[in-house]
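So in UniProt numbering, the last one in the sequence shown is 341, and the numbering has no gaps at all.
First comes the structure, then the notes that go with it.
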Amino acid sequence: TLILGLESSCDDTAVALVTGDRRILAQRVVGQNQAHQPFGGVVPEIAARAHVEVLPSLVTDVLGEAGIALDEVDAIAATAGPGLIGGVLVGLLTAKGLALASGKPLVAVNHLEGHALSPRLVDPDLAFPYLLLLASGGHCQLLEVRGVGDYSRLATTIDDAAGEAFDKAAKLLGLPYPGGPAVEALARSGDPKAVPLPRPLVGSGEPHFSFAGLKSAVQRAVLAGTHRPEDIAASFQQAVVDCFVDRTRIALAKSDAPTLVVAGGVAANISVRSALEQLAASEGRRFSVPPGWLCTDNAAMIAWAGAERFAAGLVDGLDAPARARWPLDESAETVRGAGV
Ligand code: ATP
Ligand code: FE
2 TLILGLESSC DDTAVALVTG DRRILAQRVV GQNQAHQPFG GVVPEIAARA
52 HVEVLPSLVT DVLGEAGIAL DEVDAIAATA GPGLIGGVLV GLLTAKGLAL
102 ASGKPLVAVN HLEGHALSPR LVDPDLAFPY LLLLASGGHC QLLEVRGVGD
152 YSRLATTIDD AAGEAFDKAA KLLGLPYPGG PAVEALARSG DPKAVPLPRP
202 LVGSGEPHFS FAGLKSAVQR AVLAGTHRPE DIAASFQQAV VDCFVDRTRI
252 ALAKSDAPTL VVAGGVAANI SVRSALEQLA ASEGRRFSVP PGWLCTDNAA
302 MIAWAGAERF AAGLVDGLDA PARARWPLDE SAETVRGAGV
């Protein structure tokens, strides 16, 4: 099977052509960092406009590079949420137009399902079920992934997402958006033990997350003016890693899934990857993490989730709604409710 995937839920416009046997025939990701840079964060109206400007040409480029005509694809997958509604609408309506023009089915993909299934695109041995730490710009959750459309949430953040914490720490340190890569780069020359920072919820019996207090502590450290920025960055990153490891260990104790997986933008972080790999080893679980480019937003993961849903017979009508909010474990109920 051949699936065209479109992603436009935040500040990256992306298109990819992926096969059911895990080949990426062509893909493009166009970021909008420069457009949002002056505002220190993503401005929804600017994002939506930028998606409109580049998405059609990206579709043409990807099909052209692969030498594939639109009517040769089996389905058109697009992110239908959650995300900034203007951008989601641009991608979903474009996909509906392509589906209508070609007569091919639409697959409306939950962006979080894209992240959740992304490791299976590059790791053919990754079978269900697996325990997933989903750490991205808008989410920080521990989920048991039992199958396509079958997710059970063990924990979530009670305030900020992990990527959001990186972005806020970066802003406090005067680093550019997106903060994750900038903090990671600065942390390389810092001492992770130099600045005492809290590890919110570490030690608690339920594996939830909290990062708002950590952000405030970073703010106090910056304002105190007594620490080197690289030491603050390294200490902050270490605090997040320690929270991830402790919380994920609790979740692993509640799950007999044989594999631990980490995905989402924050999974691109080398310290995060290696700490969770060590945790998996010490807990006797297999470990899988996608390459960095597949952790941050891209369309290959949306096309792949589309391929998995298409293979399971889960296609959508042209009335599929765009959704600003769309919890992943609710999609399981929707699928079951639809009787598919
Ligand atoms: P969501 O997927 O929850 O809807 P999103 O799509 O905006 O949110 P992603 O693209 O999945 O988020 O991830 C982006 C986030 O990952 C940003 O907050 C960014 O700072 C963070 N991030 C990216 N690279 C790194 C890194 N190397 N280290 C830490 N954080 C990172
Ligand atoms: Fe994302």
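No residue lacks a Cβ here, since even glycine has one placed at the ideal position from N, Cα and C.
Just the Cα atoms here: how many angstroms apart are residue i and residue j?
| i | j | result |
| --- | --- | --- |
| serine 205 | alanine 252 | 11 Å |
| histidine 112 | glycine 138 | 12 Å |
| residue 1 | alanine 109 | Outside the shown range of the chain (2 to 341) lies residue 1, about which nothing can therefore be said. |
| isoleucine 159 | leucine 202 | 10 Å |
| phenylalanine 129 | leucine 135 | 16 Å |
| arginine 200 | proline 328 | 26 Å |
| alanine 301 | alanine 17 | 5 Å |
| glycine 6 | glutamate 284 | 36 Å |
| lysine 172 | leucine 101 | 43 Å |
| threonine 61 | glutamate 73 | 14 Å |
| aspartate 320 | isoleucine 47 | 26 Å |
| glycine 148 | leucine 224 | 47 Å |
| leucine 90 | threonine 227 | 47 Å |
| serine 272 | valine 290 | 13 Å |
| valine 63 | glutamine 35 | 23 Å |
| aspartate 126 | glycine 41 | 40 Å |
| glycine 150 | alanine 222 | 43 Å |
| serine 211 | serine 103 | 46 Å |
| proline 208 | threonine 249 | 7 Å |
| threonine 157 | threonine 95 | 32 Å |
| valine 341 | valine 31 | Here the model assigns valine 341 a pLDDT of 26, short of 50, so the residue's position is not dependable and the matter cannot be decided. |
| glycine 175 | glycine 87 | 29 Å |
| valine 336 | alanine 49 | The predicted position of valine 336 is uncertain, since its pLDDT is 43 and thus under 50; no value can be drawn from it. |
| alanine 304 | serine 119 | 10 Å |
| proline 230 | valine 184 | 10 Å |
| asparagine 270 | alanine 325 | 27 Å |
| glycine 68 | aspartate 243 | 47 Å |
| glutamate 8 | threonine 80 | 5 Å |
| threonine 297 | leucine 107 | 24 Å |
| tyrosine 152 | leucine 144 | 6 Å |
| alanine 312 | valine 123 | 17 Å |
| isoleucine 4 | alanine 188 | 39 Å |
| leucine 99 | isoleucine 77 | 7 Å |
| glycine 265 | alanine 27 | 21 Å |
| threonine 20 | leucine 56 | 21 Å |
Count the other CB atoms within 10 Å of the CB of residue i; is the residue buried (16 or more) or exposed (fewer)?
| i | result |
| --- | --- |
| alanine 308 | buried |
| isoleucine 25 | buried |
| aspartate 13 | buried |
| alanine 333 | Since pLDDT at alanine 333 reaches only 45, below the 50 mark, its modelled position is unreliable, and the value read off the structure follows with that caveat. Result: buried. |
| asparagine 299 | buried |
| serine 58 | exposed |
| alanine 217 | The sequence given here places serine at residue 217; alanine does not occur at that position. Per the 10 Å Cβ criterion, exposed. |
| serine 190 | exposed |
| proline 177 | exposed |
| phenylalanine 237 | buried |
| glycine 318 | exposed |
| proline 179 | buried |
| glutamate 165 | buried |
| glutamine 279 | exposed |
| lysine 194 | exposed |
| glycine 181 | buried |
| glycine 92 | buried |
| aspartate 232 | buried |
| arginine 23 | exposed |
| serine 10 | buried |
| alanine 15 | buried |
| aspartate 257 | exposed |
| glutamine 239 | buried |
| aspartate 33 | Sequence check: residue 33 is glutamine here, not aspartate. So glutamine 33 ends up on the buried side. |
Kindly examine the ligand FE and report whether one of its heavy atoms sits closer than 7 Å to the Cβ of residue i.
| i | result |
| --- | --- |
| histidine 116 | yes |
| histidine 112 | yes |
Are there any heavy atoms of the ligand MN lying less than 7 Å away from the beta-carbon of residue i, as far as the coordinates show?
| i | result |
| --- | --- |
| valine 246 | Ligands displayed in this structure: the ligand ATP and the ligand FE; the ligand MN is not among them. |
Worksheet item: Where the beta carbon is closer than 5 Å to any heavy atom of the ligand ATP, which residues qualify, in chain order?
Response: Any residue whose Cβ sits closer than 5 Å to a heavy atom of the ligand ATP makes the list: Cys11, Ser137, Gly138, Gly139, His140, Gly164, Phe167, Asp168, Pro179, Gly180, Gly181, Pro182, Glu185, Gly265, Gly266, Val267, Ala269, Asn270, Thr297 and Asp298.
Worksheet item: Which ranges does the beta strand (DSSP E) cover as unbroken runs of at least 3 residues, wholly within the stretch 259-339, from first to last along the chain?
Response: Here the runs fully enclosed are 260-264 and 287-289.
Discussion item. As an exercise, report each continuous beta strand (DSSP E) stretch of at least 3 residues that is fully enclosed by the stretch 47-130, in chain order.
Written reply: 76-82 and 107-111, all fully within the stretch 47-130.
Practice prompt. For the stretch 129-181, list the beta strand (DSSP E) runs that are entirely contained and at least 3 residues long, ordered along the chain.
Written response: Within the stretch 129-181, the runs of beta strand (DSSP E) at least 3 residues long that lie entirely inside it are, in chain order, 131-136, 141-148 and 151-156.
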